[in-house]
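Numbering (the numbering used here), first residue to last: 5 to 415. Before any comments, here is the structure.
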Amino acid sequence: MTSIVHARELVNADQGRVIALSSRRFSGVRMTILICAAAAFGVLATLLHIASIIIAAARCRPPGAPLAAPADAPAVTVVRPVCGLDNFVEDTLRSTFRLDYPRYEVIFCVAHRRDPVVPLVHDLIVAHPHTRARLLIGDDRVNGNPKLNNCLKGWDAAAHDWIVIADSNVLMPADYIQRLMSAFEPCCGLVCAPPIGALPDNLWAELECAFLNTYQARWQYFADTLGNGFAQGKTMLWRRDVLDAAGGIRALGIDLAEDAAATKVVRAAGLDVHLVDAPFAQPLGRRGFAEVFRRQTRWARLRHASFPHMFVPEILSGALPPLLAMAFVAAATGWPIVASLGALAALWYGAEMALAWTAGWHLTPLYPLHGALRDLMLPWIWLDGLLGTEFVWRGNAMSIIEDEPILSDGR
Numbered sequence: 005m006t007s008i009v010h011a012r013e014l015v016n017a018d019q020g021r022v023i024a025l026s027s028r029r030f031s032g033v034r035m036t037i038l039i040c041a042a043a044a045f046g047v048l049a050t051l052l053h054i055a056s057i058i059i060a061a062a063r064c065r066p067p068g069a070p071l072a073a074p075a076d077a078p079a080v081t082v083v084r085p086v087c088g089l090d091n092f093v094e095d096t097l098r099s100t101f102r103l104d105y106p107r108y109e110v111i112f113c114v115a116h117r118r119d120p121v122v123p124l125v126h127d128l129i130v131a132h133p134h135t136r137a138r139l140l141i142g143d144d145r146v147n148g149n150p151k152l153n154n155c156l157k158g159w160d161a162a163a164h165d166w167i168v169i170a171d172s173n174v175l176m177p178a179d180y181i182q183r184l185m186s187a188f189e190p191c192c193g194l195v196c197a198p199p200i201g202a203l204p205d206n207l208w209a210e211l212e213c214a215f216l217n218t219y220q221a222r223w224q225y226f227a228d229t230l231g232n233g234f235a236q237g238k239t240m241l242w243r244r245d246v247l248d249a250a251g252g253i254r255a256l257g258i259d260l261a262e263d264a265a266a267t268k269v270v271r272a273a274g275l276d277v278h279l280v281d282a283p284f285a286q287p288l289g290r291r292g293f294a295e296v297f298r299r300q301t302r303w304a305r306l307r308h309a310s311f312p313h314m315f316v317p318e319i320l321s322g323a324l325p326p327l328l329a330m331a332f333v334a335a336a337t338g339w340p341i342v343a344s345l346g347a348l349a350a351l352w353y354g355a356e357m358a359l360a361w362t363a364g365w366h367l368t369p370l371y372p373l374h375g376a377l378r379d380l381m382l383p384w385i386w387l388d389g390l391l392g393t394e395f396v397w398r399g400n401a402m403s404i405i406e407d408e409p410i411l412s413d414g415r
């Protein structure tokens with residue numbers, strides 16, 4: 005009897021060892037799968053990062069000699085909505101009068117006669133009598149977007165079939181119109197240019213450069229080169245008949261963001277949105293952290309509302325996810341964690357610095373700190389864009405919920 009009990013104990017012990025060994029093997033396989041998945045994600049994210057930088061660097065190199073306008077250059081209307089006195093506003097608005105283009109008119113649009121930018125615009129028009137320019141004042145409404153509402157009167161008053169709508173903070177080079185026209189192809193319905201931050205005057209303006217230049221512009225040019233271009237409202241060159249076929253400029257009221265609506269209108273017509281090579285500068289001056297953060301969350305909420313399927317993957321677009329993947333792989337395999345993270349960060353931000361240098365954009369030795377701060381903010385901006393619905397833009401309370409009332413500042 006004792007021998008039988010002893011035999012049973014040996015069998016149970018063997019079974020326990022087998023189960024423990026199987027459990028360890030399963031845990032080992034699971035850990036191996038996790039390590040491989042994290043490593044594969046990190047490699048893929050880094051390769052996409054490098055690929056987007058190569059493409060953006062090729063597209064954004066500083067132009068050579070200024071483009072000359074052809075002898076048969078079509079007449080162009082430049083519509084510039086203005087509101088308030090932004091940093092460098094006199095320089096950016098004055099650049100409108102210095103375009104080296106044979107036939108163009110300028111229409112400034114402002115919603116309120118008491119806006120502080122009105123005297124400046126009047127002075128610039130008087131100082132440049134050889135440029136056909138005028139200021140239109142009025143607060144027309146098509147939706148809750150104050151910029152689109154401000155542009156309505158300018159579009160309606162435009163004398164020409166080619167129309168540029170450009171924000172007041174775009175600094176236009178002398179060949180601005182020629183460069184836009186050169187990007188227009190038969191399959192194109194709209195040419196745009198993302199803003200490139202320039203002349204930052206403090207830390208938070210440097211941070212905004214890291215958002216605008218080496219992050220947002222980079223991904224926009226990557227998407228555009230792959231044939232999936234999106235409109236950017238900072239500069240838009242329209243052929244009037246393209247937008248008129250959709251119902252005119254008021255058709256851009258289908259979305260709260262006029263550039264998102266423009267993308268949908270152009271694609272619905274079977275045409276493409278193109279980005280001009282070597283985009284144009286937006287001088288920044290001084291910025292506040294709250295100002296930069298609010299602008300980024302506003303844009304995130306609008307992207308989520310307009311293109312939700314494209315917004316969701318944005319959570320993976322910065323350096324933080326691949327760095328976390330690297331930390332996991334290093335910890336699981338016994339690699340030095342700090343050295344591994346430092347090497348990946350150096351590659352990531354070094355490549356972004358190479359892009360800024362190649363494109364002639366603003367660059368300082370402290371850029372890795374600015375880029376790292378940006379990437380630490382991206383998850384919070386993404387989460388805010390996913391959950392938030394309301395924001396304030398130039399005194400206007402706005403909501404991305406279609407049926408929610410839009411409030412005005414009442415000026």
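Just so it is clear, CB atoms sit at the ideal spot from N, CA and C, and this is done for glycine as well.
Cβ-based neighbour list, residue i, same chain, cut-off 7 Å, excluding 5 preceding and 5 following
i	result
residue 233	227, 276, 277, 278 and 279
residue 71	179, 182, 183 and 186
residue 341	331, 334 and 335
residue 135	101 and 110
residue 355	53, 54 and 57
residue 95	175 and 287
residue 220	198
residue 253	155, 156, 159 and 247
Beta-carbon proximity check, residue i vs residue j, cutoff 8 Å
i	j	result
residue 215	residue 305	no
residue 80	residue 164	yes
residue 321	residue 223	yes
residue 125	residue 97	yes
residue 365	residue 206	no
residue 270	residue 255	no
residue 82	residue 172	no
residue 161	residue 139	no
residue 327	residue 294	no
Sequence-distant residues of the same chain with beta carbon closer than 6 Å to residue i, five excluded per side
i	result
residue 187	195, 278 and 280
residue 307	315
residue 210	204 and 374
residue 344	330 and 334
residue 405	393
residue 99	175 and 176
residue 142	157
residue 213	201, 204 and 366
Residues that DSSP places opposite residue i in a beta bridge
i	result
residue 81	109 and 167
residue 403	394
residue 195	241 and 278
residue 190	DSSP output for residue 190 lists no bridge partner at all.
residue 136	109
residue 289	204
residue 141	114
residue 175	285
Integer Cβ distance of residue i from residue j, believed to fall under 8 Å
i	j	result
residue 302	residue 91	Rounded, the Cβ-Cβ distance is 19 Å, inconsistent with contact.
residue 174	residue 239	6 Å
residue 114	residue 121	6 Å
residue 244	residue 167	6 Å
residue 145	residue 112	That pair is no contact at about 19 Å.
residue 318	residue 386	6 Å
residue 259	residue 265	4 Å
residue 337	residue 39	7 Å
residue 208	residue 296	5 Å
residue 347	residue 66	Not quite, the Cβ-Cβ distance comes to about 31 Å (not below 8 Å), so this is no contact.
residue 323	residue 388	The Cβ separation is near 19 Å, so there is no contact.
residue 261	residue 310	6 Å
Residue-level contact to chain D via CB, residue i, 8 Å cutoff
i	result
residue 268	The question asks about chain D, but that chain is absent: this structure has only one protein chain.
Same chain, Cβ closer than 8 Å to residue i, neighbours up to 5 away in sequence not counted
i	result
residue 236	196, 197, 198, 199, 224, 263 and 279
residue 25	With a pLDDT of only 46 at residue 25, under the threshold of 50, the placement of this residue in the model should not be trusted, and no figure is reported.
residue 325	45, 49 and 319
residue 397	150 and 302
residue 360	217, 218, 366, 367 and 371
residue 339	333
residue 353	323, 371, 372, 375 and 376
residue 192	275, 276, 277 and 278
residue 358	57 and 61
residue 257	146, 147, 149, 152 and 265
Exercise for review: Decide if the segment 43–54 is in contact with the segment 148–160; the criterion is three or more beta carbon pairs, one per stretch, under 8 Å apart.
Suggested key: no
Review point. When the Cβ atoms of the segment 199–209 are set against those of the segment 281–298, are three or more pairs found closer than 8 Å?
Key: yes
Review point. Do the segment 373–382 and the segment 58–77 meet, that is, are 3 or more Cβ pairs less than 8 Å apart?
Key: no
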